[in-house]
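Accompanying notes for the structure given below.
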Amino acid sequence: MKKFVRHLAKHIDLIINQDKLDEAKLERSREVIIFEGQARERAGEGEDPNVLNHGDVYTTTTLNLNRGVITNHGLYPDLYGRKYDSSQDPLKTLLGDNVPEFSDNVDPQCVTYDNGNRVACSVRQLIPAGPITTMAGFHHAEDDPVVQTPDCSDFTSPVTAEEVENETDLDMKRELLKQFVKGIAEITRKVFLATALEVASSVPPEDVIPASVARVYEEVPCFRSPGLRSDSIYSFVMDPIRGVGFLNANDFTLNGLSVSLNDPDPIPYDDQGNIEPNVLVAFQRALTNTPPPDPPNLDSIKNGDSGFVRYHWDDPRTEEDNVEGFLAKGVVPGRSVKESYIEVVNLVEGLPSPPVLFVFGSGFYPEEGDDGCSIAATGNASQSALLNLFLIASVLFSAVFLRKRV
Numbered sequence: 004m005k006k007f008v009r010h011l012a013k014h015i016d017l018i019i020n021q022d023k024l025d026e027a028k029l030e031r032s033r034e035v036i037i038f039e040g041q042a043r044e045r046a047g048e049g050e051d052p053n054v055l056n057h058g059d060v061y062t063t064t065t066l067n068l069n070r071g072v073i074t075n076h077g078l079y080p081d082l083y084g085r086k087y088d089s090s091q092d093p094l095k096t097l098l099g100d101n102v103p104e105f106s107d108n109v110d111p112q113c114v115t116y117d118n119g120n121r122v123a124c125s126v127r128q129l130i131p132a133g134p135i136t137t138m139a140g141f142h143h144a145e146d147d148p149v150v151q152t153p154d155c156s157d158f159t160s161p162v163t164a165e166e167v168e169n170e171t172d173l174d175m176k177r178e179l180l181k182q183f184v185k186g187i188a189e190i191t192r193k194v195f196l197a198t199a200l201e202v203a204s205s206v207p208p209e210d211v212i213p214a215s216v217a218r219v220y221e222e223v224p225c226f227r228s229p230g231l232r233s234d235s236i237y238s239f240v241m242d243p244i245r246g247v248g249f250l251n252a253n254d255f256t257l258n259g260l261s262v263s264l265n266d267p268d269p270i271p272y273d274d275q276g277n278i279e280p281n282v283l284v285a286f287q288r289a290l291t292n293t294p295p296p297d298p299p300n301l302d303s304i305k306n307g308d309s310g311f312v313r314y315h316w317d318d319p320r321t322e323e324d325n326v327e328g329f330l331a332k333g334v335v336p337g338r339s340v341k342e343s344y345i346e347v348v349n350l351v352e353g354l355p356s357p358p359v360l361f362v363f364g365s366g367f368y369p370e371e372g373d374d375g376c377s378i379a380a381t382g383n384a385s386q387s388a389l390l391n392l393f394l395i396a397s398v399l400f401s402a403v404f405l406r407k408r409v
């Protein structure tokens with residue numbers, strides 16, 4: 004088990020530090036995500052077992068700076084955002100202060116449990132964003148009490164995902180979608196501001212924003228509460244500059260992916276036939292109302308900028324539109340037409356603080372024959388450098404197995 008944990012941690016270490024990769028942290032994170040995807044693949048019946056994920060031995064990653072929040076689970080991906088009760092054995096040892104940092108010759112922290120019948124080991128890795136713990140050998144049921152679920156009673160929206168899903172009038176559907184997105188943004192803003200007020204007196208000023216963003220991670224499972232997700236309707240939250248997904252309420256394994264992916268069959272968004280092959284740039288053009296060939300003015304993005312945008316993506320209701328290996332190819336994960344409403348939200352609006360800008364969005368899959376084009380709002384403000392840095396950190400925090408669906 005010690006060798007296995009060292010092997011897993013070594014892969015991540017090589018990706019983070021190898022010189023041949025682009026210096027951008029997002030490129031390194033993309034490679035980590037691909038590796039985590041491979042590590043989570045499980046062999047089918049009669050196939051050779053995957054040495055990184057076989058039976059009840061798999062890898063789990065927790066984010067230490069976020070109070071032990073699960074950011075990758077080799078067996079139960081939907082546990083993303085939940086917390087381990089680190090006061091219980093064997094997690095008291097596996098997630099404790101004595102877990103050593105990874106090196107080629109590290110002796111991982113190990114513990115026997117289940118009456119001495121099982122062994123689990125862990126090491127800590129310092130990535131640019133902070134320490135994570137890579138663990139293997141600890142096996143539990145998905146509903147084990149050692150996994151703590153947040154209280155989601157306050158996660159309600161005036162317009163539900165089901166209402167958006169069931170609306171058949173296209174114009175009304177778009178209006179309901181807008182109100183649904185605004186409701187999700189307001190929920191997030193309340194969590195963010197409540198945390199900022201709570202930690203303001205106990206952490207340095209420069210740590211208040213990162214701590215508040217980190218706390219939102221702990222509420223991620225609530226974004227899949229009844230009313231906030233229905234079939235193909237779900238929310239997503241991303242960085243407006245790099246397109247890093249902070250949250251994907253349909254598939255947690257997409258958290259940390261940048262939507263900077265190419266659409267091989269881009270959809271014209273105006274009567275002149277203008278197209279934008281890159282999904283992230285298409286989002287940015289909608290937010291800044293910038294047609295090609297001019298690049299979007301990212302410095303102008305501000306609170307309230309919004310728009311509708313059409314692109315191809317993976318419809319969660321069908322497997323037939325999937326694009327296998329899409330991330331390695333750098334293309335969208337599906338062939339279905341998706342129309343999303345996106346809006347820039349400053350989570351500290353009204354406070355004497357630099358803006359903390361996120362793009363909140365949700366979309367639907369129009370029936371064949373429905374038409375429409377992008378609608379955009381414009382703005383004129385600079386993006387928060389602190390948010391950019393933290394979102395880069397969030398990518399590394401969210402180095403999880405990538406499947407599909409943003």
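Residue numbers (the numbering used here): 4 to 409. Virtual Cβ for every residue (Gly too), placed ideally from N, Cα, C. None of these values were measured; they are calculated from a predicted model.
Scanning the region 69 to 151 for uninterrupted beta strand (DSSP E) segments of 3 residues or longer gives 72 to 76, 112 to 116, 121 to 130 and 133 to 139, listed from N- to C-terminal end. In this structure, the CA atom of Gly259 is about 20 Å from the CA atom of Arg232.
Closest in alpha carbon position to Arg338, among Phe363, His76, Glu352 and Leu264, is Leu264. By the C-beta criterion, the region 274 to 294 is judged not to be in contact with the region 104 to 116, since fewer than 3 inter-stretch pairs fall below 8 Å.
Taking 7 Å as the cut-off, the Cβ atoms of Ala12 and Gln112 do not count as close. For a cut-off of 8 Å, the C-beta gap from Val347 to Pro243 is around 6 Å, short enough to register as a contact.
Bounds of the beta strand (DSSP E) holding Asn251 are Gly248 to Asn251.
Inside the region 282 to 354, DSSP marks whole alpha helix (DSSP H) runs of 4 or more residues at positions 282 to 291 and 329 to 332, from first to last along the chain.
Close CB contacts of Ser228 within its chain, under the 6 Å cut and outside five residues either way in sequence, are with Cys155 and Phe158 (chain order). Per DSSP, Leu360 is one residue of the beta strand (DSSP E) stretching across Leu360 to Phe367.
In this structure the region 293 to 308 does not lie against the region 131 to 147, because fewer than three pairs of beta carbons, one per stretch, are closer than 8 Å. If you check the CB distance, Ser235 and Pro295 do not come in under 7 Å.
In summary, Asp324 is buried, with 16 or more beta-carbon neighbours lying within 10 Å of its beta-carbon over all protein chains present.
Rounded to whole angstroms, the Cβ separation of Asp254 and His315 is 17 Å, and the two are not in contact under 8 Å. Separation of Leu180 and Gly276 (C-alpha to C-alpha, rounded to the nearest whole angstrom) is 26 Å. For the region 205 to 254, the full-length alpha helix (DSSP H) segments reaching 4 residues or more read 208 to 220 along the chain.
Shortest Cα-Cα distance from Val149 to any of Glu165, Ser89 and Ser205 involves Ser89.
In the DSSP assignment, Leu66 falls within the unbroken beta strand (DSSP E) covering Thr62 to Leu66. Within the same chain, Ala139 and Gly140 come within 7 Å of Val60 by CB-CB distance, once the 5 residues on both sides are set aside. Taking the Cα of Thr321 as reference, the smallest distance to any Cα among Lys332, Glu352 and Val340 is reached at Val340. By the CB criterion at 7 Å, Thr136 and Ser125 fall inside the cutoff. The beta carbon of Thr96 sits closer than 7 Å to those of Gln112 and Val114, all from its chain and outside the five residues before and after it, given in chain order.
Annotated as distal: Thr62 and Ile73, with beta-carbon spacing of 7 Å or more. By the 16-neighbour rule on beta-carbons within 10 angstroms, Leu200 is exposed.
Short of 8 Å from the beta carbon of Tyr87, and not among the five residues preceding or following it, lie these beta carbons of its own chain, in chain order: Thr65, Gly71, Ile73, Leu94, Leu98, Val149, Val150 and Gln151.
Checking the DSSP bridge columns, you'll see His57 partnered with Val60. Classified as buried, His76 has 16 or more neighbouring CB atoms from the shown chains inside 10 Å of its CB. Shown here, Asn265 sits in a strand according to DSSP, grouped into three states.
Val312 places its beta carbon less than 7 Å from that of Ser343. The shortest CA-to-CA distance from Ala331 to any of Glu39, Val211 and Phe7 is the one to Glu39. Here DSSP, grouped into helix, strand and coil, assigns Gly276 to coil. By the C-beta density criterion, Pro299 is buried, having at least 16 other C-beta atoms within 10 angstroms. Under the three-state reduction of DSSP, Ile270 is assigned to coil, being neither helix nor strand.
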